[in-house]
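Undergrad:
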């Protein structure tokens with residue numbers, strides 16, 4: 001469920017010692033845009049939690065990716081970038 005703020009969806013350890021932490025959002029673009037303030041708040045909280053986990057487990061080495069099933073609306077893209085994550089497709093590969 002996308003609204004679980006403390007949930008870490010997937011962690012991909014990297015050979016160099018860091019990791020890629022995936023925050024998954026399976027909603028459609030229309031659903032994301034329906035309540036932009038709530039979508040932005042939840043996405044920001046989940047990304048900050050993922051960054052905290054990255055710091056605690058991997059010394060901050062790695063990155064956080066927001067793995068979305070659909071391209072998020074512009075307001076959410078901005079919030080994701082400002083929170084320190086990059087947007088990727090549902091598989092975790094970069095868009």
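Numbering (the working numbering), first residue to last: 1 to 95.
By construction, the Cβ of each residue, glycine as well, lies at the ideal position given by its N, Cα and C atoms.
Between which two residues does the beta strand (DSSP E) harbouring residue 25 extend?
TA: 19-25
Undergrad: Evaluate residue 39 with the Cβ neighbour count: other Cβ atoms within 10 Å of its Cβ, from every protein chain shown; 16 or more gives buried, anything less gives exposed.
TA: buried
Undergrad: At the level of alpha carbons, what is the spacing between residue 36 and residue 49?
TA: 20 Å
Undergrad: Going by DSSP in three states, residue 53 sits in which element: helix, strand or coil?
TA: Three-state result, residue 53: helix.
Undergrad: Residue 88 bridges to which residues according to DSSP?
TA: 67 and 94
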